[in-house]
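So for the sequence shown, my numbering puts the first residue at 4; every next one is plus one.
For each residue, glycine too, the CB sits at the ideal point set by N, CA and C.
Note that this is a predicted model, so its numbers are computed, not measured.
Here the structure comes first, spelled out in structure tokens, and everything after it is commentary.
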Amino acid sequence: MTPDEFRAAGSELIEWIAQYMETVEDHRIVPDVKPGEIIAGLPATAPEAPEPFSSIVGDLNDIIMPGVTHWQSPGWFAYFPANTSGPGILGDLVSSGLGQQGMLWATSPAATELEMVVVDWLVDLLGLPPAWRTTGPGGGVIQMSASDATHTALVVARHAKRAGIPSGDMVAYTSSQAHSSIEKGANVAGYGHVRLIAVDDDYAMSPAGLESALVADRAAGLTPAFVGSAVGTTGTTAVDPVRRIGEIARREGIWHHVDAAYAGTAMICEEFRHHQDGLEIVDSYTFNPHKWMFTNFDCNVFYVADREPLIDAMSITPPYLRNRASDSGDVIDYRDWHVPLGRRFRALKLWFVLRSYGAEGIRHHVREHVRLARLLESRVGADDRLEMVAPTPFALVSFRHRSGNDATLALAEAINRSGHSYVTPSQIDDVSFIRVSIGQTSTAERHVEQLWDLIATEARS
Ligand SMILES: Cc1ncc(COP(=O)(O)O)c(C=O)c1O
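Structure below.
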């Protein structure tokens, strides 16, 4: 493809994406396809001869689009959002166009230094501890996912405890409501034990439960190494008592990691910051701009309070990666901050988003999503057939049908059958409930009203 051909095809595709944005609401959110249907529409072998771009776009429309789930629909209330924005998409496009490999400062100084700047900006914007700036002892790094960040934290915690202790004797703690990435990361990192600590009535981790598990494990000769707390659990956005867990972790000499994958974005508004009280005594923290901060997937930020143990655990330098800048010790080489060597220029899309929206713009949208969640919560609260199952600290509404699990699941199915709204049914213990997560870029009050009308009609008394 010559630059001229690229220009022509690229303009066409920008128009294609713009039209998708304009019409995404008209699509049925979840496609009506059976497993294997997309494969059946595609040739079994790759083409031998070059094909014209127009025929690729034709198949995109005819074969791929009918099998796409419309995460960007304003009626998307499932899981958590993975919201995008024009600036985010364009930043990603520039990143592809530049094709940088930012593993070392020397392999792309701008990729490294822009990343340092945006993660430092976020320290201020989210009210995070100033020591987490890259100019301090800590620092932030962008990677693919919160699961990667948590896995990295688990590896660093294990490494920091290593002296003669087999990893099979090490224990990781988190609440029964924590995201599965903590248990998965602990398994991958070779921890011998994961303890899921009990939660209180609001689904937040019990510090007393953590203390008794620590006592029992120490008595059994095991080595507590890691505790993960959540600011905004996946199930109900419960908030663990970060400061109290942090105090226990300090006393016990174990690594404390905070998972704010979804709710971290809310901290751009001061009124939510009490939920992260105690961060100045944690060891690491992660949040996903690719959930609620209008930055298209993938974009996770991982902070450490002290970067030395992280680099100590991750850095291995073969001769072909040595260079004068790294040897000088004056630069950050982000390859030493996570497992992969190669890295995309993800900071670009975040920079585009932060500058295009401004902090003000992001705050406006976050507050609007929270307002809409409270509106829905008030509707649920006023309906005798329904009840809330958890508080709404951010923009996730968790409710159930009072008639029980079958009625709740039937209601979720009816909502999802509508095609215009999509929610996630979930379960805690033996109680089924419906999660409505409000955070799509173009979700407005009318979409929440449309959802509510559906709920009110479909909830059988
Ligand atoms: C609290 C929490 N932590 C971690 C994750 C995993 O995020 P990722 O897909 O970036 O690994 C999620 C995903 O929803 C989450 O809600």
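Bridge partners of T289, per DSSP?
Taking the sequence shown and counting its residues from 1, the one referred to as residue 289 is at position 286. DSSP output for T289 lists D262, F305 as bridge partner(s).
Just to confirm before moving on: does the CB-CB distance between L125 and G143 stay below 8 angstroms?
Along the sequence shown, read from residue 1 onward, the residue named residue 125 stands at position 122. Along the sequence shown, read from residue 1 onward, the residue named residue 143 stands at position 140. Yes.
Enumerate in chain order the residues of its own chain whose CB-to-CB distance from M296 is below 6 angstroms, with the five nearest sequence positions on each side excluded.
Translated into positions along the sequence shown, residue 296 becomes position 293. These residues qualify, in order along the chain: T268.
Comparing the CB of I184 with every heavy atom of ligand 1, is any distance shorter than 7 angstroms?
As a working mapping, residue 184 is identified with position 181 in the sequence shown. Contrary to the premise, residue 184 reads as Ser rather than Ile in this sequence. S184: yes, Cβ under 7 angstroms from ligand 1.
beta-carbon A233 near ligand 1 non-hydrogen atom, thresh 7 angstroms
In the sequence shown, the residue the question calls residue 233 occupies position 230. Indeed, a heavy atom of ligand 1 lies less than 7 angstroms from the Cβ.
Run of the alpha helix (DSSP H) containing L353, from where it starts to where it stops:
One-based indexing of the sequence shown puts residue 353 at position 350. L353 -> alpha helix (DSSP H) spans 350–384.
According to the neighbour-count rule (16 or more other Cβ atoms, all chains shown, within 10 Å of its Cβ), is Q180 buried or exposed?
Along the sequence shown, one-based indexing puts residue 180 at 177. Per the 10 Å Cβ criterion, buried.
Between the CA atoms of A328 and V159 - distance to the nearest angstrom
The residue labelled residue 159 in the question sits at position 156 within the sequence shown. The residue labelled residue 328 in the question sits at position 325 within the sequence shown. Approximately 25 angstroms, taken between the alpha carbons.
Is DSSP giving R276 helix, strand or coil here?
As a working mapping, residue 276 is identified with position 273 in the sequence shown. It is helical.
If I follow the unbroken beta strand (DSSP E) through S58, where does it start and stop?
Residue numbering aside, residue 58 sits at position 55 when the sequence shown is read from its first letter. Note, S58: premise wrong, no beta strand (DSSP E); alpha helix (DSSP H) at 56–62.
If you count every other CB in all the chains shown that lies within 10 Å of the CB of M4, and 16 or more means buried, which is it?
Looking up residue 4 in the sequence shown gives position 1. Classification for M4: exposed.
Cβ of A252 within 8 angstroms of Cβ of V218?
One-based indexing of the sequence shown puts residue 252 at position 249. One-based indexing of the sequence shown puts residue 218 at position 215. Against a cut-off of 8 angstroms, the Cβ pair of V218 and A252 comes out as no contact.
Can you check whether the CB of R346 is closer than 8 angstroms to the CB of Y337?
For the purposes of this step, residue 337 is taken as residue 334 along the sequence shown, with counting starting at 1. For the purposes of this step, residue 346 is taken as residue 343 along the sequence shown, with counting starting at 1. Yes, Cβ-Cβ distance for Y337 and R346 is below 8 angstroms.
Counting Cβ pairs closer than 8 angstroms, one from the stretch 136–152 and one from the stretch 359–375, do we hit at least three?
no
Compute the Euclidean distance between the alpha carbons of P69 and G44, then round it to the nearest angstrom.
Here residue 69 refers to the residue found at position 66 when the sequence shown is read from its first residue. Here residue 44 refers to the residue found at position 41 when the sequence shown is read from its first residue. Cα to Cα, P69 sits roughly 11 angstroms from G44.
So what does T226 bridge to, in DSSP terms?
Locating residue 226 in the sequence shown gives position 223, where the first residue counts as 1. Partner(s): M173.
Hey, V202 and A175: beta-carbon distance below 8 angstroms or not?
On the sequence shown, position 199 is the one that residue 202 refers to. On the sequence shown, position 172 is the one that residue 175 refers to. No, they are not a contact pair.
Please report the Cβ distance between I32 and G422, rounded to the nearest whole angstrom; I am assuming they are in contact, meaning their Cβ atoms lie under 8 angstroms.
In the sequence shown, the residue the question calls residue 32 occupies position 29. In the sequence shown, the residue the question calls residue 422 occupies position 419. The Cβ separation is near 6 angstroms, so the contact holds.
Would you say N299 touches ligand 1, meaning its beta carbon is less than 7 angstroms from a heavy atom?
The residue you call residue 299 lines up with position 296 of the sequence shown. False, no ligand heavy atom lies under 7 angstroms from that Cβ.
Compare the C-alpha of P90 against each of A350, P312, P210, R10 and name the closest.
Along the sequence shown, one-based indexing puts residue 90 at 87. Minimum Cα distance to P90 is reached at A350.
Take every Cβ of the stretch 71–82, pair it with every Cβ of the stretch 19–37, and state whether three or more of those distances are shorter than 8 angstroms.
yes
Taking Cβ positions, are R403 and S464 nearer each other than 8 angstroms?
Taking the first residue of the sequence shown as position 1, residue 403 is located at position 400. Taking the first residue of the sequence shown as position 1, residue 464 is located at position 461. Going by C-beta atoms, R403 is not nearer than 8 angstroms to S464.
Nearest-angstrom beta carbon gap, Y206 and T239 [assumed within contact, 8 angstroms]:
Within the sequence shown, residue 239 is the residue found at index 236, counting from 1. Within the sequence shown, residue 206 is the residue found at index 203, counting from 1. With 8 angstroms as the limit, T239 and Y206 qualify as a contact, their Cβ atoms being about 5 angstroms apart.
Assuming G281 and G249 are in contact, meaning their beta carbons sit under 8 angstroms apart, how far apart are those beta carbons, in whole angstroms?
For the purposes of this step, residue 281 is taken as residue 278 along the sequence shown, with counting starting at 1. For the purposes of this step, residue 249 is taken as residue 246 along the sequence shown, with counting starting at 1. At roughly 5 angstroms, the Cβ-Cβ gap stays under 8 angstroms, so G281 and G249 are in contact.
Taking the straight line between their C-alpha atoms, what separation do you get for D432 and R370?
The residue you call residue 432 lines up with position 429 of the sequence shown. The residue you call residue 370 lines up with position 367 of the sequence shown. The straight-line gap from Cα to Cα measures roughly 31 angstroms.
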